[in-house]
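Report on the structure given below.
Protein chains: 6
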Amino acid sequence: MFNIASPEDIKAGKVTDVYFERAINVLKEKGVNKYVKAEFVVKKFPSNYQWGVFAGLDEVLKLLEDLPVTLKAMPEGTIFRTNEPVMTIEGMYLDFAVYETAILGLICQASGIATKSARCKLAAGDKIVVHFGARRMHPAITPMIDRSSYIGGCDGVATPIGAKLLGIPASGTMPHAMILLFGDTLEAVKAFDEVIDPKVPRIALIDTFADEKFEAIRIAEALGDKLYGVRLDTPSSRRGNFLAILKEVRWELDLRGFKNVKIFVSGGVDEEVIKQLNEVVDAYGVGTTISSAPVLDFAMDIVEIEGKPIAKRGKLSGEKTSLCE
Amino acid sequence: MFNIASPEDIKAGKVTDVYFERAINVLKEKGVNKYVKAEFVVKKFPSNYQWGVFAGLDEVLKLLEDLPVTLKAMPEGTIFRTNEPVMTIEGMYLDFAVYETAILGLICQASGIATKSARCKLAAGDKIVVHFGARRMHPAITPMIDRSSYIGGCDGVATPIGAKLLGIPASGTMPHAMILLFGDTLEAVKAFDEVIDPKVPRIALIDTFADEKFEAIRIAEALGDKLYGVRLDTPSSRRGNFLAILKEVRWELDLRGFKNVKIFVSGGVDEEVIKQLNEVVDAYGVGTTISSAPVLDFAMDIVEIEGKPIAKRGKLSGEKTSLCE
Amino acid sequence: MFNIASPEDIKAGKVTDVYFERAINVLKEKGVNKYVKAEFVVKKFPSNYQWGVFAGLDEVLKLLEDLPVTLKAMPEGTIFRTNEPVMTIEGMYLDFAVYETAILGLICQASGIATKSARCKLAAGDKIVVHFGARRMHPAITPMIDRSSYIGGCDGVATPIGAKLLGIPASGTMPHAMILLFGDTLEAVKAFDEVIDPKVPRIALIDTFADEKFEAIRIAEALGDKLYGVRLDTPSSRRGNFLAILKEVRWELDLRGFKNVKIFVSGGVDEEVIKQLNEVVDAYGVGTTISSAPVLDFAMDIVEIEGKPIAKRGKLSGEKTSLCE
Amino acid sequence: MFNIASPEDIKAGKVTDVYFERAINVLKEKGVNKYVKAEFVVKKFPSNYQWGVFAGLDEVLKLLEDLPVTLKAMPEGTIFRTNEPVMTIEGMYLDFAVYETAILGLICQASGIATKSARCKLAAGDKIVVHFGARRMHPAITPMIDRSSYIGGCDGVATPIGAKLLGIPASGTMPHAMILLFGDTLEAVKAFDEVIDPKVPRIALIDTFADEKFEAIRIAEALGDKLYGVRLDTPSSRRGNFLAILKEVRWELDLRGFKNVKIFVSGGVDEEVIKQLNEVVDAYGVGTTISSAPVLDFAMDIVEIEGKPIAKRGKLSGEKTSLCE
Amino acid sequence: MFNIASPEDIKAGKVTDVYFERAINVLKEKGVNKYVKAEFVVKKFPSNYQWGVFAGLDEVLKLLEDLPVTLKAMPEGTIFRTNEPVMTIEGMYLDFAVYETAILGLICQASGIATKSARCKLAAGDKIVVHFGARRMHPAITPMIDRSSYIGGCDGVATPIGAKLLGIPASGTMPHAMILLFGDTLEAVKAFDEVIDPKVPRIALIDTFADEKFEAIRIAEALGDKLYGVRLDTPSSRRGNFLAILKEVRWELDLRGFKNVKIFVSGGVDEEVIKQLNEVVDAYGVGTTISSAPVLDFAMDIVEIEGKPIAKRGKLSGEKTSLCE
Amino acid sequence: MFNIASPEDIKAGKVTDVYFERAINVLKEKGVNKYVKAEFVVKKFPSNYQWGVFAGLDEVLKLLEDLPVTLKAMPEGTIFRTNEPVMTIEGMYLDFAVYETAILGLICQASGIATKSARCKLAAGDKIVVHFGARRMHPAITPMIDRSSYIGGCDGVATPIGAKLLGIPASGTMPHAMILLFGDTLEAVKAFDEVIDPKVPRIALIDTFADEKFEAIRIAEALGDKLYGVRLDTPSSRRGNFLAILKEVRWELDLRGFKNVKIFVSGGVDEEVIKQLNEVVDAYGVGTTISSAPVLDFAMDIVEIEGKPIAKRGKLSGEKTSLCE
């Protein structure tokens, strides 16, 4: 129905590069099979990162659970450096050769997402970071993305399916569409307040029709103590100096006694933006930069064959010792 | 088993941002439902792109096939610009509100991949571009990625599952692992030649143990006419001037009468690398840059409600006319 | 009362550098007086200008009108280059030595303003440029500044005193203060429309309280044909992409039939800003950049004494010939 | 006679933007007049300044002396930051609306000059800075410019009219013209020494005909103890490494026993030049950069109306507290 | 006496890298000697040059004149590109192995000097370029440097020993020392004019004591038609805008009827400086940049052994065909 | 025979600029001869050097040994700064005028080489630096270059003639040519080991045919304890990340027990490269950058004539005191 591989396809080795199939055929036909040790390492991080966060192991374990191979790995969530193995696999080569593509796929993307999430959370310190990026990637992998963002440090995720996997409540405010259908921000916020479970915090989206400053004052004066926060998803054409806008909203709210109203920001947020805005923002919705984070380019490097160190040009042979077992 | 959503989950609206669920509850409870027209547009491309290639429509159609909505769209593979709608959807808002997250997910990622593939193919001209990047992304979406790369212009894909979806043969050469297990490039190549279906071109990987120049000569002299090409996946530490290495290999092959032997390149290839190397290379295996291509940030902008133009700040209201119907 | 020199002070030579007074004393005491020819030239324009516009001559003529000297000059408004004399003065040195400071002051500032105005008008082409910068410079020289801006090419000026000197009507829209006192933009615009002479165009200032897009629609729908234009003085914190905001306002006005409503822009406008916005803007209010324009650094270079060429190091001796007489 | 506004014009409100006249008419006609509090602040300094020096208050007081308004202000010469009010005005709006243009004009230019002067003096430390820039601006405002430069920290001014206002003697050396008329630097210096009051220090201008090094030696050897200093106004075409030239002159004077002869520099001097040359220079004549200093862009922001905080978009409402009363 | 190798040392193979001596011993001892063909090529020019000029061949021929080897070469003065052989040598390896160091030394330095000279002459067009740089390099190689500069395009050289080798007269003006000993430029110039053979052009050095402008006028008025030119060796501390100084001198000379007096420039001149000054300068003395020009990094690459193509990694094997024989 | 000046030519004053010959003639003819003191100083170092190393004095002493002049100088090898005299000469001007060109040539080039050598050695710390650059400069000056490199800090030189002058053994490994003639690196190394005096360390050149990593292992396993080191002269086209290649070779050698095998690097080495590679390299062969090092632009400045301070424009007159006598 959708263009996706089923769990059965993956377990059956159908998601593989065809040259592995051919290599397996050649090796079998020639009677060549050897005990091999291989390491999973990143030689160079994307975008000048200095470290990565390992994720995706749970799916690797499911993939390999019935195979006669030995796998050692760091726990998910561990910070690692270039050339530091996050996993090693050993066994007869033909027992796992067909899975190299899938194993790498599971850890490259998940670790990329976890790493970017960690960078955002590190920038935000004790402010809240919620993953909002489901809409940027194929829906089939939403649970994996939400889970990886949480491993990396996000405080919450926006989809019920991801939240359920993690055993936490989903996080969200209100969409522009609802306000457009009501035709007025205040009316929409009031309706939300009447209908929705009081446990859900009231966070008004205030950039749909009006300038954020006057809309924030209007909503705060109307909702009083019931207002938990305001969200600014300010369009980029109006973001001349977003920090100044945020300070202005904070100032006007404080001046009128609304010091408890939190400020949420979304739209184009990444770790650099967080660093610039963090003095005044209370929570961030981070989307694209997390869900389509740069992948980490793991390679599965053979480092020993039949107990003897060997590695192709550009790789270090022999087992490394820094892996947590 | 894996951290993925099933087709049934997606169809059931489980892959959605929770605020859509809440908005739907509020609107239903308040009896607000309206006839809405919305457009899917990109306001800003990533990385200074000047255009995008639309993909993902086939899955959108499957997602919406039973709903009372009207969808107009460009054909997949169409080139589009910023602010140019690629799709419009119209209908009663509550009939499709829950799917906004999933629809966007289907087109943002697929179009991002198709666009990057087109950029690579454009750079390569009549040289071959094959998608090799399955190992960088979750295996569940390998078929979608292979398909999107092909829509964007790739000449082939590496996975059997993707190739089958497209109705083409999978493409590949041979992995370093096979050569390491044989212990010598020439032995591995000879075994490959003996075992594998003669329809598969013999493309020798020549950077495992030796310098590419002497290995290319050795393999070519041993295989003679049976050799279709050589692949250089040269490690980055040895790529001081990769173009010079390639020209040197070409020169030495030509000097000895092997003008028909093609040169394949893989490893860190993107459209910029292709431009630099294209004068001497015959085919490229392109991986990470395609499979984890930057997504295109589509938004679903409401532009009319009950037939009247309306749009939030920063968006243009009213229907645009450039969409191919 | 104010810290200014009166016309009588200036005519009496009181505005001079003291070293001229001393030099005159020395020369007189020693009986040295000679027939001197001097040129007024700019060696280097500010800010990489390629040319200047000459202004200030009218006041120079008034200053020197009773002196036994010969003055040749370009007409005001003439374009000139570096090292091209705009004026020459000749006579016995002691007859005009005391006025060098004042003569230079009259042409350096006026020419600087005229030049900057010309640069703005050149950028604006057939769009309107009005000088709005009286508030940046001492009020005593407002008439000179307005006059110089007009010589340089401005289409209008904002002060009645400057306009009167030029024999044109003063230009203006409405201040933020009026809207703040009325408490609502539409009420203020309606009151303006009721009270003010119908010959004055109705140009509504639309950035005080609300987002420009919705305020523009609201005012246009209320005033209909009576609305001549809207002015955006958008605060810099909201100028993320000012051109996009202007296009959005233009689009929404046009969509609703208000194609005749003009768009005026003010606030931080200079020739570079004009070039960026000119495709959509109809008129500009230009302030600081004109009224406090960089002065042109004229020098009065002695080039002949008693008919023989002589000039200090770094200056070319002898009379130049490019001056229009 | 000259294109200037008289003190009476200014007091009569003739130097105003016409839109204030119109707003006053509308408000009067509609019977709208309110008690208003407004602050004078700079949001952004020119040229990356971090602070400004307030000046121009004395003329503001003269302008408003008979009006029923309350003015609070910092003393002139106070250092202030962005968004820090330098003055507040309160009263019925129609009582002072017409003066906004003039008030701003008085403080924007004077404070700009004082700020630049302070920057130069800060760079010069205990070396002397004299304002020499009268020749760059309209002679009518010379007294205001000289006064503002002195508030900012200049040690002296060059015009008798400015010096008289400040109650200090005017400062100066000798002009190139005098030396050209004498035909030789030494003859001119000797004549100066014979004629001029011995209280005036003998400072020889040494760049007219000869290289500074040999001219400095020649003058020093001729005048002996009577020589107070030498001035280098070296033309820019000869300023390859001005610091090296100055050190060479210093070296040659010292070597011959003229350690007491001071070195004065003029021509193109600003705070950056001062920083580069200060190790060897004793005094600076600073011209254009002070007299046509960038203005400070004060705005008069309404922050309260009838005792309630209100401010337009982009401004903070309510009274700030950092103003010295 | 000096630290130099004599011609006999060089011919005897004493100027060689010791590893050639050792290699020769090993090969002889092992009875390995082969017929070798080697090419002399540059892989990368210094400083982004696009081409080189070949020089040094005459000395190579003298070095090899009695050896049983075949040498083919471009003529000296030929322009060549990277990877284009300028010479090939063939013969039994042991017959010439000991000379590789010396052969390369002869062509690397000479070609570097010729190339830089050509770049200067190309920049100067029909203006004169004379090599003045003998004082920067060991006196033993002055003749080779002068000769190479002449091959590259210099119009003359400054040393009698170099000029004699080339069969041209030596070029020169007068040194600062002579003027310092006379104590006055004009006296020195007059003495020169009295003493020196009238065939030598009278070129006065005018920057020793005075500013170039007034000194040029003074000398020209004193010598009249006998003055051929003036030389400006202006110290760098006085070169603020050297082109402006040169134009000023030209202007003042022309104004007084000395249009025939040529302008010579020396001191820090290279091809970039020539491009900047060439509109007004008539002749250049170019020193350091030519005599210590970047060497061209020729390598002697073995490309055939016993008639079969072979080359080390990074070099192209087999004979190339572009060499002029 | 070669284009060089003999020691007799140099002593006879034939290597001189012709203007000195002419100046001498004029001065003699006019009877002008004076007691002169001159200093040798550098005003500006090349390439942002902060200091120089003085060399060349021994040859200056030989040049002047019979002249009635007084020479004071720093010892060779002394570090000096700009404007600090390294030598002074005094005497009757006509006694040494003809030698200015040659004296400068002796110290400018030698000091340039010594300075660059010191920079390389400083970067290398306790790692070895050997001068390998004889092949870039005329063979006649090889001894002077080797000697100057050794004064600057090089640990060894490559030519027997230079080594003999210094009284040290010449240093070297083996050339590519020898390996090409043997056709295999290991065979060549074995032959070297058999033939060459055991005192010469066995340093195998490992980049001719194969990748450095596998060649290093192969040679080390074959030679065992007899192998002193490996040399990587890796071609630039293969130097993608040379540090990574070196670390890989080090890792693989260490893993197999060859911790004593040293790593030598040559090819394109200068002080910047040394800084990048020094953590893993044991010794460097440095060529072009030392032998054709930028010369130091000494000038011979006359600072006193007949005991009175005098210097041309741009120079400081009088004797300086910092010279070590």
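Residue numbers (the UniProt record's numbering), protein chains in the order written: chain A, 1 to 325; chain B, 1 to 325; chain C, 1 to 325; chain D, 1 to 325; chain E, 1 to 325; chain F, 1 to 325.
Ideal Cβ placement from N, Cα and C applies to all residues, glycine included.
Note that the structure is a prediction, hence the values are computed from the model and not measured.
By the rule that beta-carbons nearer than 8 Å mark a contact, D282 (chain E) does not touch chain F. Taken atom to atom, the span from the alpha-carbon of V129 (chain D) to that of E100 (chain C) is near 22 Å.
The C-alpha of A188 (chain C) is placed about 10 Å away from the C-alpha of E194 (chain C).
DSSP, reduced to helix, strand and coil, places I179 (chain E) within a helical segment of the structure shown. Note on the region 174-231 of chain A: whole alpha helix (DSSP H) runs with a minimum of 4 residues are 176-182, 185-195 and 212-223, in chain order.
Beta-bridge partners of T70 (chain A) (DSSP): A:E90. Look at Y284 (chain B) here: in three-state DSSP terms it is strand.
Closest option to E306 (chain E), judged by alpha-carbon separation, among E:N33, E:P7, E:A12 and E:V18: E:N33. In its chain, beyond the 5 residues on either side, K37 have a beta carbon closer than 6 Å to the beta carbon of E304 (chain F).
In this structure, the CA atom of F264 (chain F) is about 4 Å from the CA atom of R231 (chain F). Note: G156 (chain E) is bridge-paired with E:V130 in the DSSP secondary-structure output.
Look at the region 288-322 of chain C: the residues with a C-beta under 9 Å from a C-beta of chain E are P309, A311, R313, G314, K315, L316, S317 and G318. N3 (chain D) is not a Cβ neighbour of P7 (chain C), given a cutoff of 8 Å. Under the Cβ distance rule, R147 (chain C) does not count among the residues neighbouring chain A, no pair being separated by less than 8 Å. Between the alpha carbons of S149 (chain F) and S111 (chain F) lies a gap of roughly 9 Å. Contact of G91 (chain F) with chain E is not assigned, every C-beta pair being separated by 8 Å or more. Following the DSSP letters along the chain, one finds Y99 (chain E) in no alpha helix (DSSP H), marked with neither H nor E.
When Cβ-Cβ separations below 8 Å define contact, Y19 (chain A) makes contact with chain B. Less than 8 Å separates the beta-carbon of L246 (chain C) from that of V280 (chain C). Contact with chain E is found for L255 (chain B), since one of that chain's Cβ atoms lies less than 8 Å from the residue's Cβ.
Residues of the same chain with a CB within less than 6 Å of the CB of A204 (chain E), apart from the 5 flanking positions on each side, are V189, I219 and V230 in chain order. The C-beta of I245 (chain B) comes closer than 8 Å to at least one C-beta of chain F. Those residues of the region 253-277 of chain E placed with their C-beta closer than 8 Å to a C-beta in chain D do not exist. One Cα belongs to E29 (chain C), the other to G267 (chain E), and the distance between them is close to 47 Å. Contact annotation: the region 159-168 of chain E does not touch the region 43-59 of chain F, with fewer than three C-beta pairs closer than 8 Å. Taking a beta-carbon distance threshold of 8 Å, D155 (chain D) does not count as an interface residue toward chain F. Apart from the 5 residues on each side of it in sequence, V18 (chain F) has no Cβ closer than 8 Å to any other Cβ in its chain. By the rule that beta-carbons nearer than 8 Å mark a contact, D211 (chain A) touches chain D.
T70 (chain F) counts as exposed, since fewer than 16 other beta carbons sit within 10 angstroms of its beta carbon.
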